[in-house]
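Residue numbers (this note's numbering), protein chains in the order written: chain L, 7 to 291; chain V, 7 to 291.
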């Protein structure tokens, strides 16, 4: 399987957009990579690391010639970008995004774009707590899962193109509908993130513990170092699934609290052993 | 500062005890290291990796000649080991332990051992999710904090000896009273562990997610791979502080839930930004 683009436009040249540009160029998957952004400084950084060939503050010239448009803005901005792109892009262009929530975005595209839909949602599960094009790397997607969503109205050719894009930059593609995606990632990623933030907050209130925190705390709160705007948008665009996930977790914490309160040695041992098995199952070990 | 022992007895030759034996021998801090255990197989493994020079299933010959005794059993067994050791050890011997909870153990020693106390509690904050003497390493303590507790009745010379022991194997010593220690580690280590276990459990119930969990989940639940018996003992020996820590965390989670439920964009951004600052403060960054 192979895929080759003439002009790829990346809207939002941060870590994810910049890394995609580097990956496309390193693997010679695009003749030209255009970057579109609203800050000249980010565009300049992306040009400096050669993640893009040309930079545009204006959307129209940045996407008019594109055969692939990848929206790499935070989740909450994707619907308005879809509105802006729709009248400006070629009817043959395929569009996708990289946001961590999919249902609201895909529903917006389904409601506003012509059918069959040439917008296909993507969620590459790669990244780090770093951000900005200066941290972009061509192998960011290598070996990571990218979820690609589809809908009854999706253009099969556009869907195929988006799947091939991610495979071509090294990702393993998993296909899910947008609602299932959002429910699962709420539990595996969004709720854990909120939890990490809560943990960092309460530990900081415990006083000066900087000398005696272990690697456990560092590992458990690493995700809390992520950008606050991105996580704000995730919470507002995946609200229902996150609330359900938080409630499930709160119930489980209450169960653990009861075991501790009752000094239930055997119950606690079973609880910890079961959690070990659960972790192995989740990680596929 | 230097410390040199004639005979060191290590009771319980698992990861921590075995690593201490290797560290003492690698740095020539002891003429002889004796291992005491209740399973011949563990003792044989400790002998095979040269963590100990001689092995004993019987406590009396294993500690009679020791000038330093280090109890490396799980926390719940330390009080009974203190009872067994007291009539058998030399009056000049110094004893310590490596358990993750300190108040119950130190209170037991203070109530049962002669004054001035030659038992001094230790909590080396090193280790990993691996266990057993076969994973022992001479530099396990290098660069990690070891908390050393003391009490108004502690023999100053014994306290000094225990501090020097840990510094000699590469640890950074922090002195705390046992109650403060337990309150802090409940918040920085024990509650996070319970949380990791709860998270592994609820994510496993979300269905087959093995293909799509990210590094965030792996990092956040790593500690849940620890030995269930050890964590059972930690919960039963640090019950009050853990319950208080769980309640603080549950309150913070409820606050985060309200922000999500109210779709409070600005509040969520502030929440995440504050958590980032809190994490940096905790880690001393």
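All C-beta atoms in this analysis are idealised placements derived from N, C-alpha and C, irrespective of residue type, glycine included. Remember, it's a predicted structure, so these values are computed and weren't measured experimentally.
Residue 210(V) versus 10(L), 16(L), 289(L) and 43(L), residue with shortest Cα-Cα distance: What you label residue 210(V) is simply residue 204 of the second chain in a count that begins at 1. For residue 210(V), the nearest C-alpha among the options comes from 289(L).
Please determine, among 33(L), 261(L), 30(L) and 222(L), the residue with the shortest C-alpha to C-alpha distance to residue 131(V). Along the second chain, one-based indexing puts residue 131(V) at 125. The shortest Cα separation from residue 131(V) among 33(L), 261(L), 30(L) and 222(L) belongs to 222(L).
Quick one: what does DSSP say residue 105(V) is sitting in, helix, strand or coil? On the second chain, residue 105(V) is found 99 positions in, with the first residue counted as 1. Here residue 105(V) sits in coil by DSSP.
By Cβ distance, which residues of its chain are closer than 6 Å to residue 12(L), with the 5 residues on each side in sequence left out? As a position in the first chain, residue 12(L) is number 6, starting the count at 1. Sequence-distant Cβ neighbours of residue 12(L) in its own chain, meaning closer than 6 Å and more than five residues away, are 37 and 73.
Could you tell me the distance, in whole angstroms, from the CA atom of residue 104(L) to the CA atom of residue 24(L)? As a first step, residue 104(L) must be located in the first chain, where it is residue number 98. As a first step, residue 24(L) must be located in the first chain, where it is residue number 18. CA-to-CA, the gap between residue 104(L) and residue 24(L) works out to about 12 Å.
Based on the DSSP output, what are the partners of residue 40(V) in its beta bridges? As a first step, residue 40(V) is located in the second chain; it is residue number 34 there, counting from the start. Partner(s): 15(V) and 60(V).
Which term fits residue 7(V), buried or exposed, when burial requires 16 or more other beta carbons within 10 angstroms of its beta carbon? By 1-based counting over the second chain, the position of residue 7(V) is 1. With a pLDDT of 45 at residue 7(V), under the threshold of 50, the modelled position of this residue cannot be trusted, and the question is left open.
I'd like to check one pair, residue 152(L) with residue 129(L): are the Cβ atoms closer than 8 Å? The residue given as residue 129(L) occupies position 123 in the first chain. The residue given as residue 152(L) occupies position 146 in the first chain. With contacts defined as CB atoms closer than 8 Å, residue 129(L) and residue 152(L) qualify as a contacting pair.
Would a C-beta distance cut-off of 8 Å place residue 41(L) and residue 77(L) closer than the cut-off? Here residue 41(L) refers to the residue found at position 35 when the first chain is read from its first residue. Here residue 77(L) refers to the residue found at position 71 when the first chain is read from its first residue. Contact: no.
Under a CB-based cut-off of 8 Å, is residue 39(V) close to chain L? Start at 1 with the first residue of the second chain, and residue 39(V) comes out as number 33. No, residue 39(V) lies away from the interface with chain L (no Cβ there is under 8 Å from its Cβ).
Is residue 278(V) close to chain L? Criterion is C-beta to C-beta, closer than 8 Å. If you number the second chain from 1, residue 278(V) lands on position 272. Taking Cβ atoms only, chain L reaches closer than 8 Å to residue 278(V), which makes this a yes.
Whose Cβ in chain L lies nearer than 7 Å to the Cβ of residue 198(V)? In the second chain, residue 198(V) corresponds to position 192, counting from 1. Near residue 198(V) (Cβ distances below 7 Å), the residues of chain L are 205, 222, 223 and 226.
Any chance the segment 187-201 of chain L sits against the segment 180-197 of chain V, with 3 or more Cβ pairs inside 8 Å? As far as the Cβ criterion goes, the segment 187-201 of chain L does not touch the segment 180-197 of chain V, which means the pair count is below three.
What's the gap between the Cα of residue 31(L) and the Cα of residue 57(L)? Your numbering for residue 31(L) matches position 25 in the first chain. Your numbering for residue 57(L) matches position 51 in the first chain. Distance between the alpha carbons of residue 31(L) and residue 57(L) is about 8 Å.
Residue 35(L), DSSP secondary structure in three states: On the first chain, position 29 is the one that residue 35(L) refers to. Residue 35(L) sits in coil when the DSSP states are folded into three classes, being neither helix nor strand.
Residue 91(V) to residue 226(V) span [Cα, whole Å]: In the second chain, counting from the first residue as 1, residue 91(V) sits at position 85. In the second chain, counting from the first residue as 1, residue 226(V) sits at position 220. Looking at the two C-alpha atoms, the distance is approximately 39 Å.
Just to confirm, are residue 64(V) and residue 123(V) a CB contact at a threshold of 8 Å? In the second chain, the residue the question calls residue 64(V) occupies position 58. In the second chain, the residue the question calls residue 123(V) occupies position 117. By the CB criterion at 8 Å, residue 64(V) and residue 123(V) fall outside the cutoff.
As assigned by DSSP and simplified to three states, the class of residue 93(V): On the second chain, position 87 is the one that residue 93(V) refers to. Three-state result, residue 93(V): coil.
Taking all protein chains shown into account, do 16 or more other C-beta atoms lie within 10 angstroms of the C-beta of residue 121(V), making it buried, or fewer, making it exposed? The sequence position of residue 121(V) within the second chain is 115, counting from 1. Of the residues assessed, residue 121(V) falls on the exposed side of the cut-off, its CB having fewer than 16 other CB atoms within 10 angstroms.
From the beta carbon of residue 290(L), is the nearest beta carbon of chain V less than 8 Å away? Working through the first chain from its first residue, we reach residue 290(L) at position 284. So, interface residue.
Could you give the DSSP three-state label for residue 272(V): helix, strand or coil? One-based indexing of the second chain puts residue 272(V) at position 266. Three-state DSSP puts residue 272(V) in a helix.
Do you know how far the Cα of residue 282(L) is from the Cα of residue 256(L)? Here residue 256(L) corresponds to residue number 250 of the first chain, with the count starting at 1. Here residue 282(L) corresponds to residue number 276 of the first chain, with the count starting at 1. A direct Cα-Cα distance of roughly 19 Å separates residue 256(L) from residue 282(L).
Near residue 205(V), which residues of its chain fall below 8 Å by C-beta distance, leaving aside the five closest residues on each side in sequence? The count along the second chain starts at 1 and reaches residue 205(V) at position 199. Sequence-distant Cβ neighbours of residue 205(V) in its own chain, meaning closer than 8 Å and more than five residues away, are 223, 226, 227 and 230.
So what does residue 151(V) bridge to, in DSSP terms? The residue labelled residue 151(V) in the question sits at position 145 within the second chain. Bridge partners of residue 151(V): 178(V).
Taking DSSP as the reference, what is the three-state secondary structure of residue 236(L)? Counted from its first residue, the first chain places residue 236(L) at position 230. Residue 236(L) falls in the helix class under three-state DSSP.
Can you grab the Cα-Cα spacing for the pair residue 233(V) / residue 137(V), in whole Å? Along the second chain, read from residue 1 onward, the residue named residue 233(V) stands at position 227. Along the second chain, read from residue 1 onward, the residue named residue 137(V) stands at position 131. In a straight line, the C-alpha of residue 233(V) is about 8 Å away from that of residue 137(V).
I'd like to confirm the pairing. Which residues does DSSP put opposite residue 77(L) in its beta bridges? Locating residue 77(L) in the first chain gives position 71, where the first residue counts as 1. Bridge partners of residue 77(L): 17(L) and 103(L).
Short of 6 Å in beta carbon distance, which residues of its chain neighbour residue 125(L), apart from the five on each side in sequence? Order them along the chain. For this step, residue 125(L) is matched to residue 119 along the first chain. A distance below 6 Å between beta-carbons, with the five flanking residues on each side excluded, links residue 125(L) to the following residues of its chain, in chain order: 101, 115 and 119.
Span of the beta strand (DSSP E), counted from its first residue to its last, around residue 130(L): As a first step, residue 130(L) is located in the first chain; it is residue number 124 there, counting from the start. Per DSSP, the unbroken beta strand (DSSP E) holding residue 130(L) starts and ends at 128-130.
Measuring alpha carbon to alpha carbon, tell me which residue in 237(L), 71(L), 265(L) and 286(L) is nearest residue 302(L). As shown, chain L starts at 7 and ends at 291. That puts residue 302(L) outside it, with no answer to give.
Buried or exposed for residue 44(V), going by 16 or more other Cβ atoms inside 10 Å? Translated into the one-based positions of the second chain, residue 44(V) becomes position 38. Residue 44(V) comes out exposed.
Within 10 Å of its beta-carbon, does residue 48(V) have 16 or more other beta-carbons around it, so buried, or fewer, so exposed? Your numbering for residue 48(V) matches position 42 in the second chain. By the beta-carbon neighbour count (other beta carbons within 10 angstroms, threshold 16), residue 48(V) is buried.
Beta bridge counterpart(s) of residue 160(L) as assigned by DSSP: Looking up residue 160(L) in the first chain gives position 154. Partner(s): 123(L).
Straight-line gap, residue 218(V) to residue 202(V) (C-alpha atoms, nearest Å): The residue given as residue 218(V) occupies position 212 in the second chain. The residue given as residue 202(V) occupies position 196 in the second chain. Near 18 Å, if we compare the C-alpha coordinates of residue 202(V) and residue 218(V).
State the Cα-Cα distance for the pair residue 112(V) and residue 246(V), rounded to the nearest angstrom. Numbered from 1 along the second chain, position 106 holds the residue referred to as residue 112(V). Numbered from 1 along the second chain, position 240 holds the residue referred to as residue 246(V). Straight across, the Cα-Cα distance linking residue 112(V) with residue 246(V) is about 16 Å.
Go through its chain and collect everything with a Cβ distance to residue 235(V)'s Cβ below 7 Å, but skip five positions before and after it. The residue you call residue 235(V) lines up with position 229 of the second chain. Its chain contains 80 as the residues whose beta carbon lies nearer than 7 Å to that of residue 235(V), once the 5 sequence neighbours on both sides are disregarded; these appear in chain order.
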